[in-house]
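Written below as structure tokens is the structure these notes are about.
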Amino acid sequence: MSQSDLKKQAVWQVLAKIPSGSVVTYGQLAVMAGFPGRARWVGRVLSELPADTALPWHRVLNASGHITHPNRARAQALLRAEGVTSVNQRISLASYQWHP
DNA sequence: CCTATGACCATAG
DNA sequence: CCTATGGCCATAG
Numbered sequence: 017m018s019q020s021d022l023k024k025q026a027v028w029q030v031l032a033k034i035p036s037g038s039v040v041t042y043g044q045l046a047v048m049a050g051f052p053g054r055a056r057w058v059g060r061v062l063s064e065l066p067a068d069t070a071l072p073w074h075r076v077l078n079a080s081g082h083i084t085h086p087n088r089a090r091a092q093a094l095l096r097a098e099g100v101t102s103v104n105q106r107i108s109l110a111s112y113q114w115h116p
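Just so you know, the working numbering puts the end of the first sequence at 116, numbered straight through with nothing missing.
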């Protein structure tokens, strides 16, 4: 078990707790996992998730409420099924952002 | 060691 | 809205 694996697990655990119908930003996820200022790294961790993961990767957006994931259509479809709507590719963080 | 590259971010213009 | 800049940092070459 390497240190980097443990750090990634911290991210996965926080991600798993994000409830359906809400979203968080990469920066927030980084803070919640205990790595403030490392949003970029979090994005990298998510990019390594297997395609068939059960984790809600689609609930993570960039700071401006845009889906940055390569497969935007899929992420948007999943979010819409949870009641999260977007206007012009933009999601209102004010309305959906998760506040633990 | 150095450079390049990201599912990023805040700020400035 | 857009680009540029500086910061962040693991990974790859």
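Cβ atoms here follow ideal geometry from the backbone N, Cα and C, with glycine treated the same way.
A quick note: this is a predicted structure, and the numbers were derived from the prediction, not measured.
Tell me the DSSP secondary structure of residue i in three-state form.
i	result
Arg54	coil
Gly103	Just to set this straight, residue 103 is Val in the shown sequence, not Gly. Strand at Val103.
Between the alpha carbons of residue i and residue j, how many angstroms are there, rounded?
i	j	result
Ser18	Leu62	18 Å
Asn87	Val30	22 Å
Ala55	Ala46	5 Å
Gln44	Gly59	11 Å
Arg83	Leu22	Note that residue 83 is Ile in the sequence shown here, rather than Arg. C-alpha separation (whole angstroms): 27 Å.
Gly53	Thr41	12 Å
Ala26	Gly50	8 Å
Thr101	His115	18 Å
Which residues share a DSSP beta bridge with residue i?
i	result
Val40	Val76
Just to confirm the assignment, what range does the alpha helix (DSSP H) spanning residue i have?
i	result
Ala91	Arg88 to Ala97
Determine, using beta-carbon pairs with one atom in the segment 24 to 40 and one in the segment 61 to 76, whether at least three such pairs fall under 8 Å. The segment 24 to 40 vs the segment 61 to 76: in contact.
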